[in-house]
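Going by the working numbering, the sequence shown opens with residue 143, and the numbers climb by one from there. Just so you know, even glycine gets a beta-carbon here, dropped at the ideal spot from N, CA and C.
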Amino acid sequence: MIQRNRWHRGFVPVPSSFRSKRFCCGYEFGKDQGATGQRAGHRAPRTVARGFMRLRTLCRLLALVPVGFGLAPLGQALGAAAELGVRHRIDVMVSAEPDAPVLSRLKGAKGELSFTVRLSANSKESKFFGMLRPSFPDIVVPDGAGKPLVQQTKLWEEEVCHQRRGLPKVTVTQLGGHFGEGEGRIEISAINRHIGVLVPPDELTPGIKLDPGSDSFGVFLAFRAQTRNSRLNVDLKIYPIDCFL
């Protein structure tokens, strides 16, 4: 006799009153079949269930094949994005405030400027630390505050692409020069404030943060160093340039 509690998972036991009139896979369940018919009828549902489970597993594996091929380009794209690095470029520009003495007294006069910039780029690939000392001779004082004394010029640029580890640290520490000749000559000598030293008359205040922007070279962050008495501005633009590692 078939034990009721041994039915295969997924099949619902049928009351005994209906078994003699039901067929499954060519086998009739009933008392007149004998022991052999009962055993064959009991094995048939298990065989069908196993075949169905194998077919379902095969269908699932086949369904995963296009998914795997579809994820391959995505993985390559993510790998390419992970290899994106950065290098930096720093430009400088010098201008005068509207109330600067050189604009009110020496329009059209010639002069020269030089300054010192302390730069620290701590990426493993660059490892740069030092002083940059650009100089600009033959400056002509413009006739208005809207025009710069020194046009935007590249000060420094990284040659090696590296991972993104923040911006280089750049500080203008000194500005010097002169404009005009004779009695109307104006000397420029501005330095930073230092601990234990008297505040200089023409103090140079670095690190004034300006609004970020963009131009033909790309997006940039801008910082200004301004002199107190001579009213000159040294603007530094830092450009992060995307590159591949």
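Under the three-state reduction of DSSP output, glutamate 301 falls in the coil class, being neither helix nor strand. As for any beta strand (DSSP E) of minimum length 3 sitting wholly inside the stretch 264-348, the runs are 270-274, 277-282, 292-299, 311-321, 328-333, ordered along the chain. Counting the other Cβ atoms within 10 Å of the Cβ of phenylalanine 365 gives 16 or more, which makes it buried. Between the alpha carbons of valine 314 and serine 256 lies a distance of about 11 Å.
For the stretch 347-374, there is no continuous alpha helix (DSSP H) assignment of 4+ residues that stays within its boundaries. The closest CA to that of aspartate 344, considering only Gln368, Ser358, Phe362, Tyr381, is found on Gln368.
Looking at the DSSP output, proline 382 sits in a beta bridge with His230. With a 10 Å radius around the Cβ and a threshold of 16 neighbouring Cβ atoms, serine 372 comes out buried. Between the alpha carbons of valine 283 and glycine 308 lies a distance of about 37 Å. Here serine 237 is bridged, per DSSP, to Asn375.
When DSSP states are grouped into helix, strand and coil, leucine 255 belongs to the strand group. Partner residues in the beta bridge of leucine 261, as assigned by DSSP, are Gly272, Val312. In this chain, the alpha helix (DSSP H) harbouring leucine 245 covers 243-247. Using a C-beta cut-off of 8 Å, the stretch 274-294 makes contact with the stretch 227-244, since at least three inter-stretch Cβ pairs fall below that distance.
Three or more Cβ pairs closer than 8 Å define a contact, and the stretch 264-277 falls short of that threshold against the stretch 326-346.
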